[in-house]
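**Q** Okay, here's the structure, questions in a sec.
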């Protein structure tokens, strides 16, 4: 690969790492705000989500400029388009974190998560943070091994998601329809967040040197 | 624009039109299967979803080949990358239609939609089909006017989605938690389907000749 291309591509990659860090931080704030029913923290997550949207445009513009000005070879082109896909996944992960934060704002001052579900969402927060942390590290180090681990972490999220539904659907569920709907939609945001993280992992494996 | 580029780009566009038709048909089958609690029709929708995935790869490969072999000018490059974005949105719409179909299969032989919600989902099916039909027509004709209408249709879906929740959360809701969770998740699939349709509309406006 040409020096020139590599230099420009490193700028695109750098923006992806910045995006991934912002996604991790947004989900961390959104998850903490959810469990603490803290509207100030939830609003911070929403604001940070806006920054992720800006970073997404920066990443796309840099990628398109690179293609337009450097006439990349086919293998280089694949790398750029993979980076564009990763940027789209990270943007969506940021939007899902904002959905979590908005649930807290919508129910404020009541908590959006029923006490019966707090432990499960605590565990889902931990998995989401681990996934996001691995994405940051994998993108920063082009680390295919780390990226491959994301699939296993997603399995853990799926297990938690299944348990969430079994709790809400058990005859002992004391909290009625509204709390269950909140729980179901929140569970779906976390599940989609993890799905997108796995997508990113697959893309990073394509980007990593063989 | 060069004749050569236009010829190749028309092949990419043609694949998008085929994809959009398949998405429309999949959502139509999934929606009909949902209201009729018809597992055979639901399975057909799932199978058609697989075809959409294949078409997505064809569209992406054609787009990447075009960039690699034709060295598009910057304005041409934007068009190709916009087409790649449209393909991703259509793929996701197909996945959401498959989610609707899977709900029918999961609850079979019981209906996944409570009788109390049938009318609302009937209306959501109609909006989804109208959105998908406009996407097909807009992509086939590069019609920016039609594409711009998608935003208004999405507002209608949002209204239906809001009504769905108010029905499930009213004190008169007779059906308990499981039916409400099904309703909430199905509602979200339709809402996301409409969101993605609006995305496609915005992209088609970028593609249309000024």
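Chains as they are written, first to last, in UniProt numbering: chain A, 1 to 210; chain B, 1 to 210.
C-beta: ideal position from N, C-alpha, C; glycine also.
(1) How is the alpha helix (DSSP H) around residue 6(A) delimited, first residue to last?
(2) Please specify which runs of the alpha helix (DSSP H), each continuous and at least 4 residues long, are wholly inside the segment 44-118 of chain A, giving them in chain order.
(3) Pairing CB atoms from the segment 194-202 of chain B with CB atoms from the segment 125-139 of chain B, are three or more of them under 8 Å?
(4) Let me see if you follow: with CB-CB separation under 9 Å, is residue 165(B) close to chain A or not?
(5) Compare the C-beta of residue 59(B) with all C-beta atoms of chain A and state if any pair is closer than 9 Å.
(6) At the level of alpha carbons, what is the spacing between residue 68(B) and residue 72(A)?
(7) According to a CB-to-CB cut-off of less than 8 Å, which residues of the segment 2-30 of chain B neighbour chain A?
(8) Could you spell out where the alpha helix (DSSP H) holding residue 175(A) opens and where it closes?
(9) To the nearest whole angstrom, what separates the beta carbons of residue 20(A) and residue 139(A), a pair I think is in contact under 8 Å?
(10) Whole angstroms is fine: what's the gap from residue 150(B)'s alpha carbon to residue 3(A)'s?
(11) Considering just the uninterrupted stretch of the alpha helix (DSSP H) at residue 161(A), what are its terminal residues?
(12) Quick one: is residue 168(B) near chain A, going by C-beta distance under 9 Å?
(13) Taking 9 Å as the CB-CB limit, is residue 78(A) close to chain B?
(14) Using a Cβ-Cβ cut-off of 6 Å (strictly less than) and excluding sequence neighbours within five positions of residue 37(B), which residues of its own chain qualify?
(15) Is the CB-CB distance between residue 80(B) and residue 66(B) below 9 Å?
(16) Which of the three DSSP states, helix, strand or coil, is assigned to residue 189(A)?
(17) Taking the Cβ atom as the reference point for each residue, do residue 137(A) and residue 201(A) lie within a distance shorter than 9 Å?
(18) Does the Cβ of residue 57(A) have 16 or more other Cβ atoms within 10 Å, making it buried, or fewer, making it exposed?
(19) Within this structure, are the beta carbons of residue 101(A) and residue 49(A) separated by less than 9 Å?
(20) Can you list, in chain order, the residues of its chain whose CB lies under 7 Å from that of residue 85(A), leaving out five sequence neighbours each side?
(21) Report the residues of the segment 62-73 of chain A with a CB closer than 7 Å to any CB of chain B, ordered along the chain.
(22) Give me the chain B residues within the contact set of residue 184(A), using Cβ-Cβ distance strictly less than 7 Å, ordered along the chain.
(23) If you compare alpha carbons, which of 78(B), 61(B), 43(B), 124(B) is closest to residue 98(B)?
(24) In terms of alpha-carbon separation, which member of 187(B), 55(B), 46(B) lies closest to residue 211(B)?
(25) Counting only C-beta atoms, is residue 55(A) closer than 9 Å to chain B at any point?
(26) State buried or exposed for residue 119(A), treating a residue as buried only when at least 16 other CB atoms are found within 10 Å of its CB.
(27) Just to confirm my understanding: we take residue 39(B), look at its own chain, exclude 5 residues before and 5 after, and list those with CB closer than 7 Å. What are they?
(28) Using the beta-carbon of each residue, which ones in chain A are nearer than 9 Å to residue 81(B)?
(29) How would you list, in chain order, the residues of chain A whose beta-carbon sits under 7 Å from the beta-carbon of residue 107(B)?
(30) With 9 Å as the threshold, decide whether the Cβ of residue 205(A) is near any Cβ in chain B.
(31) Going along the chain, which residues of its own chain have a beta-carbon closer than 8 Å to the beta-carbon of residue 53(B), five neighbours each way excluded?
(32) Would you please verify whether the beta carbon of residue 210(A) is less than 9 Å from any beta carbon of chain B?
(33) Starting from residue 95(A), find everything on chain B with Cβ-Cβ shorter than 9 Å and list it in chain order.
(34) How big is the Cα-Cα spacing for residue 26(A) and residue 14(A)?
**A** The answer reads as follows:
(1) 3-36
(2) 74-107
(3) yes
(4) yes
(5) no
(6) 8 Å
(7) If the cut-off is 8 Å between Cβ atoms, the segment 2-30 of chain B has nothing near chain A.
(8) Segment: none, residue 175(A) is in no alpha helix (DSSP H) and carries neither H nor E.
(9) 5 Å
(10) 45 Å
(11) 144-169
(12) Residue 168(B) counts as touching chain A.
(13) yes
(14) Excluding sequence neighbours, residue 37(B) sits near 111.
(15) A contact, by the Cβ cut-off of 9 Å.
(16) helix
(17) no
(18) Flag for residue 57(A) reads exposed.
(19) yes
(20) 203
(21) Cβ contacts with chain B come from 64, 67, 68, 71.
(22) 181, 184, 185
(23) 43(B)
(24) The first residue shown for chain B is 1 and the last is 210, placing residue 211(B) beyond what the model contains.
(25) no
(26) With fewer than 16 Cβ atoms within 10 Å of its Cβ, residue 119(A) is classed as exposed.
(27) Within the same chain, residue 39(B) has close Cβ partners 104, 105, 108.
(28) Proximity of chain A to residue 81(B) at the Cβ level (cut-off 9 Å) is accounted for by 60, 63, 64, 67, 81, 84, in chain order.
(29) Using a Cβ-Cβ cut-off of 7 Å, residue 107(B) is close to nothing in chain A; its nearest Cβ partner there is about 12 Å away.
(30) no
(31) 91, 94
(32) Caution applies to residue 210(A), whose pLDDT of 48 falls short of 50 and renders its modelled position unreliable; the model cannot decide the point.
(33) Ordered by position in chain B, no residue passes the 9 Å Cβ test against residue 95(A), which lies about 10 Å from the chain.
(34) 18 Å
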